[in-house]
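Taken in sequence, the protein lines are chains F and P. Numbered by UniProt numbering, the letters in the first sequence go through residues 1 to 233 in order. Numbered by UniProt numbering, the letters in the second sequence go through residues 1 to 233 in order. Where a beta carbon is used, it is the ideal one built from N, C-alpha and C, also for glycine. Quick caveat: nothing in here was measured; it's all calculated off a predicted structure.
Protein chains: 2
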Amino acid sequence: MQISELSRRSGVPVATIKYYLRENLLPKGEAVSATQARYTEDHLRRLRLVRALVEVAEVPLARIRPVLDTLDDPQTDLHTLLGTAIYTLSSAPEEPEDDPQWDRAQRQSSELLAKLGWRVTPASPARVRLTQALTAMERLGYPASEEMLRAYAAAAHRVAESDLDYIDPQAAREEALMCAVALSAFMEQTLTSLRRLAQEDESARRFGHGGHADGPSDRGAGAGNGDGGAADG
Amino acid sequence: MQISELSRRSGVPVATIKYYLRENLLPKGEAVSATQARYTEDHLRRLRLVRALVEVAEVPLARIRPVLDTLDDPQTDLHTLLGTAIYTLSSAPEEPEDDPQWDRAQRQSSELLAKLGWRVTPASPARVRLTQALTAMERLGYPASEEMLRAYAAAAHRVAESDLDYIDPQAAREEALMCAVALSAFMEQTLTSLRRLAQEDESARRFGHGGHADGPSDRGAGAGNGDGGAADG
Numbered sequence: 001m002q003i004s005e006l007s008r009r010s011g012v013p014v015a016t017i018k019y020y021l022r023e024n025l026l027p028k029g030e031a032v033s034a035t036q037a038r039y040t041e042d043h044l045r046r047l048r049l050v051r052a053l054v055e056v057a058e059v060p061l062a063r064i065r066p067v068l069d070t071l072d073d074p075q076t077d078l079h080t081l082l083g084t085a086i087y088t089l090s091s092a093p094e095e096p097e098d099d100p101q102w103d104r105a106q107r108q109s110s111e112l113l114a115k116l117g118w119r120v121t122p123a124s125p126a127r128v129r130l131t132q133a134l135t136a137m138e139r140l141g142y143p144a145s146e147e148m149l150r151a152y153a154a155a156a157h158r159v160a161e162s163d164l165d166y167i168d169p170q171a172a173r174e175e176a177l178m179c180a181v182a183l184s185a186f187m188e189q190t191l192t193s194l195r196r197l198a199q200e201d202e203s204a205r206r207f208g209h210g211g212h213a214d215g216p217s218d219r220g221a222g223a224g225n226g227d228g229g230a231a232d233g
Numbered sequence: 001m002q003i004s005e006l007s008r009r010s011g012v013p014v015a016t017i018k019y020y021l022r023e024n025l026l027p028k029g030e031a032v033s034a035t036q037a038r039y040t041e042d043h044l045r046r047l048r049l050v051r052a053l054v055e056v057a058e059v060p061l062a063r064i065r066p067v068l069d070t071l072d073d074p075q076t077d078l079h080t081l082l083g084t085a086i087y088t089l090s091s092a093p094e095e096p097e098d099d100p101q102w103d104r105a106q107r108q109s110s111e112l113l114a115k116l117g118w119r120v121t122p123a124s125p126a127r128v129r130l131t132q133a134l135t136a137m138e139r140l141g142y143p144a145s146e147e148m149l150r151a152y153a154a155a156a157h158r159v160a161e162s163d164l165d166y167i168d169p170q171a172a173r174e175e176a177l178m179c180a181v182a183l184s185a186f187m188e189q190t191l192t193s194l195r196r197l198a199q200e201d202e203s204a205r206r207f208g209h210g211g212h213a214d215g216p217s218d219r220g221a222g223a224g225n226g227d228g229g230a231a232d233g
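Structure, rendered in structure tokens:
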């Protein structure tokens, strides 16, 4: 296909495609004349992936290149590929020095992960973000208990299993990667939105007298809690 | 206590306390001379709350006033108070007009909440954020299935129950509110960090050949999954 069709089918403007070509984020097409090149379904898939990384995950171009290199390396297994992408998507905060609260929170997160037996690398940016959150809770005077963290971890793992079910290991690697990117970015927002809604529901059940400022919905009141009441293992 | 002690005990600089006093975010102290006022434990609690709202939740000052008004209204029950705070913390995106994908996602989220029987108001900003996330997934070609959303909802509700367990309904209302603010801001980050870590663990179990670029930890390999494997109802 010509670049115009590549643009139409991907929804990416021609000027942006040319920019990605110059930045080597998209391989060149097969030249058919001095001014024209022909593109394939492979280009379309790659273009959609780059677009997803740039727009969806808001990853700077400089950080996309290593992800694509990993993708193009046939030695890379799917776990490494997805891990590289997820690490790229996660920005970790700087770790402070000489901060006893930080050090305590770091021990707390390491011990939690060890007890859970999760296979995660020491380099995972999410570890640092976890430590940051636990430090902030303690600083505010509300340290997270192990019981609470275990409830969170169980919920997080359940969601992660559902995420991995959604990734087709037989699909083209670009597809699997793009799916992982989409899941990481937008299903995270789905989860945090549902948590806020669930907090509202649970608060209504415990503390409400039908008196929320905006008038709580009484739909489902007393109808039990659907999926929500899973007991902690 | 004098303003200097209030500053010391709260960790808030005197200049900032004076600014909060001018903005009526903190009630004036009892005047003991033309230039001095005396402050109480009530001031300290209120100051910590305002500070938490400003710094932790990054809420603009203009949006803090209605939260404090709700707090000071003795007619307000705890559910309304927490709801007001959570709504204030959540910024909802603009809803687009004439967008069939958005409308479909909105129906999908409303139907999900109705099926779950959750008591949430139509005004909840988290509904809009949920719709936005579902729209984005569909636009990328990865629509969220009902099965997946139910797994997410169950996990979110479990976490919300743990959150509500942490709020002491007998505590001073400022305390309960501050606890809710801390939970909303930082336990959200805890949850999203744990989800990334759980994805890494689950990916290692399914797709890994011990070949992660940074060398996966083998701690706990084969030791089962601790809390993570709760079956979906």
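Helix, strand or coil for residue i, going by three-state DSSP, please let me know.
i        : result
P/Glu30  : strand
F/Val120 : coil
P/Gln75  : coil
F/Ala176 : helix
P/Glu94  : coil
F/Pro100 : helix
F/Gln108 : helix
P/Ala114 : helix
F/Ala182 : helix
F/Gly211 : Residue placement at F/Gly211 is poorly supported in this model, since its pLDDT is 45, which falls under 50; the coordinates still yield a value, given next. F/Gly211: coil per DSSP, three-state reduction.
Excluding sequence positions up to five away, which residues of its chain have a Cβ less than 6 Å from the Cβ of residue i?
i                      : result
P/Thr16                : none
P/Ala31                : Ala37
F/Glu138               : Gln101
residue 320 of chain F : One cannot answer for residue 320 of chain F here, as it falls past the ends of chain F, which runs 1 to 233.
residue 239 of chain F : Because residue 239 of chain F is not part of the residues shown, which for chain F are 1 to 233, the question remains open.
F/Ala185               : Val56, Ala57
F/Arg63                : Thr88
With a threshold of 8 Å on Cβ separation, who are the neighbours of residue i within its own chain once the five nearest residues in sequence on each side are excluded?
i        : result
P/Lys28  : Leu21, Ala37
P/Val159 : Met187, Leu191
F/Leu61  : Glu23, Leu25, Val54
P/Tyr166 : Cys179, Leu183
F/Asp168 : Glu175, Ala176, Cys179
P/Gly211 : Reliability fails at P/Gly211, whose pLDDT of 45 lies under 50, so the model's placement of it is uncertain and the value that follows must be treated cautiously. Nothing meets the Cβ criterion.
P/Arg196 : none
F/Leu81  : Thr70, Leu71, Arg173, Ala176, Leu177
At which residues does the alpha helix (DSSP H) containing residue i begin and terminate?
i                      : result
P/Pro125               : 125-139
F/Gln189               : 188-207
residue 241 of chain P : Residue 241 of chain P lies beyond the stretch modelled for chain P, which goes from 1 to 233, so this question has no answer here.
F/Ala160               : 146-166
Excluding the 5 residues preceding and the 5 following residue i in the sequence, name in chain order all residues of the same chain whose CB lies nearer than 7 Å to its CB.
i        : result
P/Val14  : Ile3, Ser4, Ser7
P/Val12  : Leu47, Arg51
P/Ala126 : Ser90
P/Asp103 : none
F/Leu116 : Ala153
F/Ala144 : Leu134, Met137
F/Lys18  : none
F/Ala105 : Thr131, Leu134, Thr135, Glu138
F/Asp163 : Leu183, Met187
Can you list the alpha helix (DSSP H) stretches of 4 or more residues lying completely in the UniProt domain "HTH merR-type" (1-70) of chain F, in chain order? 3-10, 14-22, 41-51, all fully within the UniProt domain "HTH merR-type" (1-70) of chain F.
Any chance the segment 168-181 of chain F sits against the segment 43-60 of chain P, with 3 or more Cβ pairs inside 8 Å? Inter-segment contact for the segment 168-181 of chain F and the segment 43-60 of chain P is absent: fewer than three beta-carbon pairs are separated by less than 8 Å.
Are there three or more Cβ pairs, one per stretch, closer than 8 Å when the segment 67-74 of chain F is compared with the segment 96-112 of chain F? Touching, no, given that fewer than three Cβ pairs across the two stretches are closer than 8 Å.
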